[in-house]
Amino acid sequence: QVQLVESGGGVVQPGGSLRLSCAASKIVFSNYHMGWYRQAPGNQREFVAVVSAGGTTTYADSVKGRFTISRDNAEGSVELQMNSLKPEDTAVYYCNARRVVFNINSWGQGTQVTVSS
Numbered sequence: 003q004v005q006l007v008e009s010g011g012g013v014v015q016p017g018g019s020l021r022l023s024c025a026a027s028k029i030v031f032s033n034y035h036m037g038w039y040r041q042a043p044g045n046q047r048e049f050v051a052v053v054s055a056g057g058t059t060t061y062a063d064s065v066k067g068r069f070t071i072s073r074d075n076a077e078g079s080v081e082l083q084m085n086s087l088k089p090e091d092t093a094v095y096y097c098n099a100r101r102v103v104f105n106i107n108s109w110g111q112g113t114q115v116t117v118s119s
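Residue 107 in the numbering used here is what sits at position 105 of the sequence shown, and the numbering runs on without skipping anything.
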């Protein structure tokens, strides 16, 4: 059973920065694609960024150039550095671990990010 624990959310002013972290356990971390998704009130959960098992990164157009995803296979963690935050980035952010070959798709409990002046 994959366990994912997010941290690092909070309240920040527009233009500010936050760093989210996700610690994974009970998996061979390097085999998993690791991603971040977010869900704002009244909206569906949407893709933010992913770093593949091989280290390739992909970003949603809305965050490209502002957010950076990275992984540390030795630590079993993935981080999302968020810069130049906008009010529309306000959402609950979820960590995701996926291993396609075994149809595994697991989620963390989420961490709230609020961008407001």
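Ideal placement from N, C-alpha and C gives every residue a C-beta, glycine not left out.
Tell me where the beta strand (DSSP E) around residue 115 begins and ends. 113-117
Out of 20, 8, 13, state which residue places its alpha-carbon closest to the alpha-carbon of residue 26. Closest by alpha carbon: 8.
Quick check: residue 71 and residue 38, are their CB atoms within less than 8 Å of each other? yes
Start and end residues, beta strand (DSSP E) containing residue 8: For residue 8, the uninterrupted beta strand (DSSP E) run begins and ends at 5-9, by DSSP.
Local Cβ density within 10 Å of residue 81, reported as buried at 16 or more and exposed below that: Buried: at least 16 other Cβ atoms inside 10 Å.
Among 115, 117, 113, 97, the one whose alpha carbon lies nearest that of residue 35: 97
What does DSSP give as the partner residues of residue 83 in its beta bridges? The bridge partners DSSP lists for residue 83 are 21, 70.
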